[in-house]
Amino acid sequence: MARRVSALFCWTLTVEQVAFGAGVAAVVAVAPLGQVAGPWRLLTPRRLAATFVLLLLSARRIVVANLRLSRLIWDPRLPLRSGMIVVPTRERSAGGLTAVGLITSVIVDNQLVDVARSQGQLQYHAVEVPEGGPSKPGKRSMGRWNSSWPHFTGRSNPMSQVYLGVAIGEMAIAVLLVVWLAAGPTISDRIVALNTISTQAALAVLYFAAFAGRTIYLDVALWLTSFSYLGAIIWSRYLERGLL
Amino acid sequence: MREIIVIAIAAIGWAVSLSGALGILRMPDVYSRIQCSSKTIAMGTLPTLIALVVGEGPISNYGARALLVAALLLVNPAASHALARAAYKTGVPMWRGAVTDQVRQERSGARGNENGEPNEEPGR
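Residue numbers (my numbering), protein chains in the order written: chain U, 4 to 247; chain E, 23 to 146.
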């Protein structure tokens, strides 16, 4: 057992490991977890199609919303008109509400705050951006990426300097945010700053691993990401309900 | 050639991350800051990770791990939702210039106006 767990953590792709993973997945699938929306629910064709349509509808808005929010941030006057908004929905199932909430929150114009499930309401916080955002999202570089995709095969590090530069850049952003970590007026502000810092740090570690050619650092990045995510959730649970 | 593509994609991601961080510094209340942070995570880190995948190839150790981190980051809206909800429930105020709080209006019984237009009443 211990050997299997260690095989799981050191990323050797063996038959044994795949079989263990399949076993764990099977146990989770039949385990009595109560009323949860398992990810396998997505596999029904109708749900899959609906999720795909939702993603497609959101894809353009994600880019546009990001450009708009950037403009708003860099505008020296900061013309912010934020507020809480109630949006009615016909969706009642937990899985559907989760999908809608998550995907619409990736669009940065709005952030899901709460769900009033019995009344069919989604409560969002929105940054209302004035009209006239830039209309050309940066799709061109993606096209270039796709066309040259077949030429990319994994080699050792011919551009470690680039990687080092990116790592330093990400850390510089993290340093900027330490200000709010220290001075944030409420605990929530500090959690926001901490979450962003650890995300940037994970990226920096990832790039530093590529620079140094040490694959062992990659797992540091992986754990950092997952723990920052769990940490934010646990902190907010604590804020909401206390030490329960 | 590949260097240029990697630098370009990583620069896009870095620029978005930087504006997100600046947004966190400049925004007046916690809800707007949460939105700026989710911006950093959603659109800032993904191009940066894509750049690593492009540079190292998707099959390599780095590429596979970068894709895993990307998958983890995609569930991050759940974390920011939990954070926003905790802040709202514990009564962290919105800033004075907030244009509407329809949740509070509805709770106090008098729904302001049906078509979602902002009222003049400040949030706090």
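Idealized CB from N, CA, C, for every residue including glycine.
- The C-beta distance from I27 of chain E to V97 of chain E rounds to 28 Å, too long to meet the 8 Å contact threshold.
- Residue contact check for G113 of chain E against chain U: no CB pair falls below 8 Å.
- Every alpha helix (DSSP H) stretch that sits fully inside the region 10–89 of chain U and reaches 4 residues is listed by chain position as 18–33, 48–77.
- Counting along the chain, D117 of chain U sits inside the beta strand (DSSP E) bounded by residues 113–119.
- The residue from U:M174, U:L179, U:L75, U:Y210 with its alpha-carbon nearest to that of I29 of chain E is U:Y210.
- Per DSSP, E128 of chain E is one residue of the alpha helix (DSSP H) stretching across 124–129.
- Between S82 of chain E and S85 of chain U, the gap from beta carbon to beta carbon reaches 8 Å or more.
- Residue burial is scored here from C-beta neighbours: V30 of chain U has fewer than 16 other C-beta atoms within 10 angstroms and is therefore classed as exposed.
- Three or more Cβ pairs closer than 8 Å define a contact, and the region 176–187 of chain U meets that threshold against the region 196–204 of chain U.
- Beta-carbon to beta-carbon, R118 of chain E and I76 of chain U are separated by about 20 Å, too far to satisfy the 8 Å threshold.
- Of the candidates U:W226, U:I171, U:D222, U:G99, the residue whose Cα lies closest to the Cα of L57 of chain U is U:G99.
- The beta-carbon of G172 of chain U is placed less than 8 Å from the nearest beta-carbon of chain E.
- S54 of chain E belongs to the set of residues whose beta carbon lies under 8 Å from a beta carbon in chain U.
- Against chain E, the CB of A186 of chain U has no partner CB under 8 Å away; the residue lies outside that interface.
- In summary, the residues of the region 181–208 of chain U whose CB is separated from some CB of chain E by less than 7 Å are V182, W183, T189, S191, D192, I194, V195, A196, N198, T199, T202, Q203, A205, L206, in the order they occur in the chain.
- Between Q57 of chain E and V21 of chain U, the C-beta spacing is not below 8 Å.
- Along the region 42–90 of chain E, the beta strand (DSSP E) does not occur as any fully enclosed run of 3 or more residues.
- Residues are counted here when their Cβ sits less than 8 Å from a Cβ of chain U; for the region 41–53 of chain E these are S41, G42, A43, L44, G45, I46, L47, R48, M49, P50, D51, V52, Y53, given in chain order.
- The region 169–228 of chain U contains, as complete alpha helix (DSSP H) runs of 4+ residues, the segments 190–215 (chain order).
- Exclusion of the five residues before and after A88 of chain E leaves L71, L74, V75 as the residues of its chain whose Cβ lies within less than 7 Å of its Cβ.
- The alpha carbon of M87 of chain U has as its nearest neighbour, out of E:A93, E:E128, E:A100, the alpha carbon of E:E128.
- For Q20 of chain U, none of the residues of chain E pass the 8 Å Cβ criterion, the least Cβ distance being about 14 Å.
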